[in-house]
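Structure first, then comments.
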Amino acid sequence: MSDTPLFTRFCERLQGTEPFITVEITPPHGASMAPILDAIDASGIPEKVSGFSVTDNPLAKLKMSAILSAIKVQQRFGKPVIATMSMRDRNKLSLQSSLLGANDFDIRLILALTGDPAKFSDQPEVKGVLERDSTLLLSIIYRLNNGVDYSGQALDPKPAPIYPFAVSNAYAKDMKQLMKRMVKKLDYGARAIITQPVFDLDDARRLLEIFEEAKERSIRQTAKEAQLILGQFPVVRARTATFIDDKVPGISVPKAIIDEMNLAAMDGVAKEQEVGFTLSKRIFDEILALHPKVHLMTHNRFDLCSRLIG
Numbered sequence: 142m143s144d145t146p147l148f149t150r151f152c153e154r155l156q157g158t159e160p161f162i163t164v165e166i167t168p169p170h171g172a173s174m175a176p177i178l179d180a181i182d183a184s185g186i187p188e189k190v191s192g193f194s195v196t197d198n199p200l201a202k203l204k205m206s207a208i209l210s211a212i213k214v215q216q217r218f219g220k221p222v223i224a225t226m227s228m229r230d231r232n233k234l235s236l237q238s239s240l241l242g243a244n245d246f247d248i249r250l251i252l253a254l255t256g257d258p259a260k261f262s263d264q265p266e267v268k269g270v271l272e273r274d275s276t277l278l279l280s281i282i283y284r285l286n287n288g289v290d291y292s293g294q295a296l297d298p299k300p301a302p303i304y305p306f307a308v309s310n311a312y313a314k315d316m317k318q319l320m321k322r323m324v325k326k327l328d329y330g331a332r333a334i335i336t337q338p339v340f341d342l343d344d345a346r347r348l349l350e351i352f353e354e355a356k357e358r359s360i361r362q363t364a365k366e367a368q369l370i371l372g373q374f375p376v377v378r379a380r381t382a383t384f385i386d387d388k389v390p391g392i393s394v395p396k397a398i399i400d401e402m403n404l405a406a407m408d409g410v411a412k413e414q415e416v417g418f419t420l421s422k423r424i425f426d427e428i429l430a431l432h433p434k435v436h437l438m439t440h441n442r443f444d445l446c447s448r449l450i451g
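If you read the sequence shown in my numbering, its first letter stands for residue 142, the second for the next number, and so on.
Right, dumping it as structure tokens:
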């Protein structure tokens, strides 16, 4: 089945050498996307990016549906949207049903996540589903792209092409193990891997090296054209830098950045944010110059994204 210009351009940009930037959106804890859509519009960010992504109940906290939010964003701005799907909340029946419905609304970029543990939820006694990790979703997408469901039954009509994305930590004590996990996701058909936030140019180079090795080791032909997208999280508060370094697995914030942010915080919030933005802008520009494929995560600070991109 031939693809539409919207996704053809997106894939060409992903494969090309020009800057490819996506911005993460967290849906609201409420029943309307309107305030978020208006904030995106006001920031001017749609004209500066290749697309968006929408999170799926991050940290198991209740938010509006990722797929339905993605429909709203894509229809409003005419930009491709990567909809996140968490294994935590769905079995293989629900996953397939959601994918087929999303396909009819032209939501066809899917980020496969295992999902944060249900124990973090803000809802009482939530239980995770977790039939398997995110490779189950990748294998489902592989089958749907071949016109059959997970059980092998033909689909009528067949879905339009679905583009699966996966995630990777940005740092690990054993980088070989990280590379093996990349290989596994590429073997299951991932077309691109988005990393956790990267704060150090040497770490970015290391990730690019092991990703190239992962592509060579993968058994899947699609891996040869797969791309690595480096995550970026601009830090403008010292406590945020400390928190993500201490508490978030797979992310390492250099001590020099934490020290500089802590010193700036001693001179007030305005100085702290000024120094934080300067540091974040330098890191963003250096990463983009090294590898022009970046994914921005800012907890809906679209004005900050716009300033970073320039």
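All C-beta atoms, glycine included, are put in the ideal place defined by N, C-alpha and C.
Check whether the stretch 214 to 232 touches the stretch 281 to 290, taking contact to mean three or more Cβ pairs, one atom from each stretch, closer than 8 Å. no
Identify the continuous beta strand (DSSP E) that holds phenylalanine 306 and give its terminal residues. 304 to 309
Identity of the residues DSSP links to serine 227 by a beta bridge: Leu254
Thinking lysine 326 and threonine 276 are a contact (beta carbons under 8 Å), I'd like their distance in whole angstroms, please. 7 Å
State the start and end residues of the unbroken beta strand (DSSP E) segment that holds lysine 434. 434 to 437
Within 10 Å of its beta-carbon, does valine 410 have 16 or more other beta-carbons around it, so buried, or fewer, so exposed? exposed
Could you pull the start and end residues of the alpha helix (DSSP H) that proline 176 belongs to? 175 to 184
Look at aspartate 197 and leucine 271 and say whether their C-beta atoms are less than 9 Å apart. no
Name, in chain order, the residues that DSSP records as bridge partners for glycine 192. Thr163
Exposed or buried, which one is asparagine 244 when buried takes at least 16 other CB atoms within 10 Å? buried
Please classify threonine 145: does DSSP put it in a helix, a strand, or coil? coil
Give a yes or no on whether the C-beta atoms belonging to glutamine 215 and isoleucine 251 are separated by under 9 Å. no
Phenylalanine 306 and alanine 331 - do their beta-carbons sit closer together than 9 Å? yes
Going by C-alpha to C-alpha distance, which of Lys268, Pro302, Gly417, Val267 sits closest to isoleucine 281? Pro302
With glycine 242 as the anchor, note down where its alpha helix (DSSP H) starts and where it stops. 233 to 245
Less than 9 Å separating the beta-carbons of isoleucine 399 and threonine 383? yes
Taking alanine 211 as the reference, give the member of Pro168, Phe148, Pro199, Lys233 with the closest Cα. Pro168
Please report the distance separating the alpha-carbon of threonine 145 from that of phenylalanine 151. 10 Å
Nearest to lysine 204 by alpha carbon, out of Asp297, Ser262, Val394, Ser238? Ser262
Given this structure, state the Cα-to-Cα distance separating phenylalanine 425 from leucine 431, to the nearest angstrom. 10 Å
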